[in-house]
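> Quick note: our numbering has the sequence shown finishing at residue 485, numbered continuously throughout.
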Amino acid sequence: MTTMTVIGCGYLGAVHAACMATLGHDVLGIDVDAGKVEQLNNGIPPFFEPGFPELLAEALKSNRLRFSSDISEAAGRTVHFVCVGTPQKRNEYAADLAYVDAAVNALAPHLSPGAIVVGKSTVPVGTATRLADIVTDAQPTAMLAWNPEFLREGLAVQDTLHPDRIVYGLPDGEAGETAKALLDEVYENALAGGTPLVVTDYATAELVKAAANSFLATKISFINAMAEVCEASGADVTKLADAIGHDPRIGRRFLNAGLGFGGGCLPKDIRAFMARAGELGADQALAFLREIDSINMRRRVRMVDLAREFFGGSIVGRRIAVLGLAFKPNSDDIRDSPALNVAAQMKLQGASVVVTDPQAVANAQKAWPDLEYAESPQAAATGADLVMVLTEWDEYRWLNPAEFGTIVRGKRILDGRNALDREAWRAAGWQYRALGRR
Ligand code: UDX
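(1) Are HIS72 and THR207 touching if we call contact CB-CB under 7 Å?
(2) Using 7 Å as the threshold, is the C-beta distance between ALA411 and ASP379 below it?
(3) How would you label ARG318, buried or exposed, when you count the other beta carbons within 10 angstroms and need 16 or more for buried?
(4) Return the first residue and the last residue of the beta strand (DSSP E) that TRP440 is part of.
(5) From the DSSP output, which residues share a beta bridge with ASP462?
(6) Within the same chain, show all residues whose beta-carbon is closer than 7 Å to that of ILE381, passing over the 5 residues directly before and after it, in chain order.
(7) Counting Cβ pairs, one atom from each stretch, are 3 or more of them under 8 Å apart for the region 173 to 188 and the region 144 to 164?
(8) Distance check for ASP417 and GLN135, CA to CA, integer angstroms please.
(9) By how many angstroms is the C-alpha of HIS157 removed from the C-alpha of GLU120?
(10) From ALA398 to ARG345, what does the alpha carbon distance come to, in whole angstroms?
(11) Would you check if the distance between the CB atom of VAL389 and the CB atom of ALA427 is smaller than 7 Å?
(12) For the beta strand (DSSP E) that THR403 lies in, which residues bound it at each end?
(13) By Cβ distance below 8 Å, which residues in the same chain neighbour ALA237 in space, the five residues on each side in sequence not counted?
(14) Would LYS286 be called buried (16 or more neighbouring beta carbons within 10 Å of its own) or exposed?
(15) Leaving out five residues on either side along the sequence, give the residues of the same chain with a beta carbon under 7 Å from the beta carbon of LYS83.
(16) For the region 84 to 103 against the region 197 to 205, are there 3 or more C-beta pairs whose distance is under 8 Å?
(17) Check the C-beta distance from LEU370 over to MET435 and give it rounded, since I have them as a contact under 8 Å.
(18) Give the secondary structure of GLN135 by DSSP, where H, G and I count as helix, E and B as strand, and everything else as coil.
(19) Taking 8 Å as the limit between beta carbons, can you name the residues of its chain near ALA466, skipping five residues before and five after?
(20) Between which two residues does the alpha helix (DSSP H) containing VAL151 stretch?
(21) Per DSSP, what are the beta-bridge partners of ILE77 in this structure?
(22) By alpha-carbon positions, which one of ARG484, ALA155, GLU232 and VAL129 ends up nearest to TRP193?
(23) Could you tell me the boundaries of the alpha helix (DSSP H) in which TYR249 lies?
(24) DSSP puts TRP193 in a beta bridge; with which residues?
(25) Let me check understanding here. Comparing Cα to Cα, which of ILE118, GLY90 and SER116 lies closest to GLU105?
(26) Does ARG366 come out as helix, strand or coil in the three-state DSSP assignment?
(27) Just to check my reading of the structure: GLY452 and ALA475 have Cβ atoms closer than 8 Å, yes? What is that Cβ distance to the nearest angstrom?
(28) Is it buried or exposed for HIS293, if we count other Cβ within 10 angstroms and need 16 for buried?
(29) Can you tell me whether LYS375 sits near the ligand UDX, meaning its C-beta is under 6 Å from at least one heavy atom of the ligand?
(30) Can you check which of these residues, ASP117, MET67 and THR50, is closest to ASP78 by C-alpha distance?
(31) Helix, strand or coil, according to DSSP, for HIS127 in the structure here?
(32) With burial defined as no fewer than 16 other Cβ atoms inside 10 Å of the residue's Cβ, what is the status of ASP219: buried or exposed?
(33) Is any heavy atom of the ligand UDX found at a distance shorter than 6 Å from the C-beta of LEU198?
(34) With a threshold of 6 Å on Cβ separation, who are the neighbours of GLN186 within its own chain once the five nearest residues in sequence on each side are excluded?
(35) Which of the three DSSP states, helix, strand or coil, is assigned to LEU244?
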C-alpha cells in the first residue's frame, strides 16, 4: 500500500484516484475547485463516465479515498500524481502549462524526503526536466518521474485498471532506481498481470504521449482523406476501410470515416506538438500534422455542405434535428466537439436547429444557449426536414427507420459517423447520405 495524492480531479485525475484506492492504495485527491471536491467526497461524479460512479462509491466506502482542496494535506505522503489539464493557449497552438506549474509549485514545500512527484498531464517535451529542478530545489531527496496516461474517455476506468502499457520517464542514476521501485509498487497489480513496461528518460516519456496521439489523429485523417477521394470518385469509404483494415499492419481500428476527431486531447495535442517542434527547430518534421488538422476540420464544413445539398443550396428556415452533441459516444464532453460545431454552424446559416444527446445536453447548453434542446431523438426529430446523426451513440444506431419516418416532415437523413444501416433507412423510404459514400 502506497500513500499518495492525485492533484487535479478531472476525467483523468478523479478516475485515477478512485482506481488507485480500489487497488489498495491510500489516496488523497486534491483539486482547487472546492465544489468539485465536495461532490466527489459525497460520491457524486462531476462528469459522465461509465463505471465511474460505482468505482467512486466503492473507493469512498473503503476509507482509502477522500478529496480536499488543501494542498498542505499532501505532506507526509510518498507519491504525488500531477493530473491537471494542459489546454491550448488562447490564440496560440502551444499548450498552457499554468496549471501544471501551479500544481508543482504549490506541492513543492510539502514534499517529504524521498517523495516522488509523478507527472501524468500531457506536456511539451522538456517540461519534466524543468519541473524536476523545482522538486529537488524544494526537497533534495525528492524525485520527479514522467508517467503519461493513455486513457480514453468513455473507457477511462478500464484503461486505468488495465492499461495497454505503462511508461516511466525517470531521472538518471540512483534517483531513477528509487523512483522505479516506488512506481513498481504503485502499479504492482497491472505489472503482475503482464502489462508491458517501458522505462526511459523524461524526454522520451513525454514524446510517447504526443506521438501516440499524433498517430491516432493521422489514422483518422487518413481515412477521412480517403473519404474525400471516395466522394469524388463514387467509391465507398466504409468498404475501403474494411478491406485495408484486414491487413494486420494497417488494422481496422480508428479507421472510421466521418466527422473526424474532437475532444479535449487529440486536436490540442497535435497543435501543441507542432508548436513545440517549432521551438526545437524541428518544425519540418511535423508539418504533416497541419494537414491532418485541416483534413479533420474540412469534414465539418463538408457535413454542412451535404445538408445544404439536400435543399438545393440553402438551409435557411429548414428545421434540422441533430442527434448527438458529445465529441464521441459514452461521454458528456463537448470540448471541440465536431457535432456541436456543425450544429452551431447550421444555426448561424439560418436553419432552425433542434439538438439532443443522451448525456451532453447540460454542457452544450452552457456553451450554446441559442440552440433548441430536446429530451429525446423523437422529440428533436418531430416535424424535422432533415435528421443528422453526428455522434454515434448506440441508441441512435438502432432507431427504427419506419417508426422514425412517421414523425418527421421530410425523410432525409445524414449519417455523420457512418453508423447507421444504410439499406434499412433507404428501404423505409429515407433519402440517406453520408460522408465518403455514394
Ligand atoms: C484520446 C486517445 O485515444 C487517448 O489514448 C488519449 O489518452 C487521449 O486522447 P479520447 O479523446 O478519449 O482519447 O478519444 P478517442 O477515443 O481517441 O477519440 C477521439 C476522437 O476521434 C473522437 O471525436 C472520435 O469520434 C474520433 N474518431 C475515433 C473517429 O473519428 N474515427 C475513429 O475511427 C476513431
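Ideal Cβ placement from N, Cα and C applies to all residues, glycine included. The structure presented is a predicted model; accordingly, all values stated were derived computationally and were not measured.
This is what the structure gives:
(1) Not in contact: HIS72 and THR207 (Cβ atoms no closer than 7 Å).
(2) Not a contact, by the Cβ cut-off of 7 Å.
(3) Classification for ARG318: buried.
(4) For TRP440, no beta strand (DSSP E) segment is defined, and its DSSP state is neither H nor E.
(5) For ASP462, the pairing in a beta bridge is given by DSSP as VAL436 and ALA481.
(6) Non-local beta-carbon contacts of ILE381 in its own chain, meaning distances under 7 Å to residues more than five positions away in sequence, involve LEU372, ALA373, PHE374, LEU387, ALA407, ASN410, ALA411 and ALA414 in chain order.
(7) Segments in contact, yes.
(8) Looking at the two C-alpha atoms, the distance is approximately 25 Å.
(9) C-alpha separation (whole angstroms): 8 Å.
(10) Spanning the two alpha carbons is a distance of roughly 20 Å.
(11) Contact flag unset, no.
(12) THR403 -> beta strand (DSSP E) spans 399 to 403.
(13) Once the five neighbours on either side are set aside, the close Cβ partners of ALA237 are LEU208, HIS209, PRO210 and ILE213.
(14) Answer is exposed; the Cβ neighbour count stays below 16.
(15) Here LYS83 has CYS56 and PRO93 as same chain residues with Cβ atoms under 7 Å from its own Cβ, once five neighbours each way along the sequence are excluded.
(16) Taking 8 Å as the limit for Cβ pairs, the verdict is that the region 197 to 205 does touch the region 84 to 103.
(17) About 7 Å; that satisfies the 8 Å criterion.
(18) For GLN135, the three-state secondary structure derived from DSSP is strand.
(19) GLY305, VAL436, GLU439, TYR443 and ARG444.
(20) VAL151: member of the alpha helix (DSSP H) spanning 145 to 154, first to last residue.
(21) The partner list for ILE77 (beta bridge, DSSP) reads ILE54 and SER115.
(22) Residue VAL129 is the option with its Cα nearest to TRP193.
(23) Unbroken alpha helix (DSSP H) run through TYR249: 249 to 280.
(24) The partner list for TRP193 (beta bridge, DSSP) reads GLY166 and GLY216.
(25) Of ILE118, GLY90 and SER116, the residue nearest in Cα terms is GLY90.
(26) The answer is strand: DSSP assigns ARG366 an E or B state.
(27) That belief holds up - the Cβ atoms of GLY452 and ALA475 are roughly 6 Å apart, short of 8 Å.
(28) Flag for HIS293 reads exposed.
(29) Yes - the ligand UDX has a heavy atom lying nearer than 6 Å to the Cβ of LYS375.
(30) The closest CA to that of ASP78, considering only ASP117, MET67 and THR50, is found on ASP117.
(31) Strand.
(32) Here ASP219 is exposed. Its C-beta has fewer than 16 other C-beta atoms within 10 Å.
(33) Because some heavy atom of the ligand UDX lies under 6 Å away, the Cβ of LEU198 counts as near it: yes.
(34) Closer than 6 Å at Cβ, skipping near neighbours: LEU158.
(35) Of the three classes helix, strand and coil, the one that applies to LEU244 here is strand, per DSSP.
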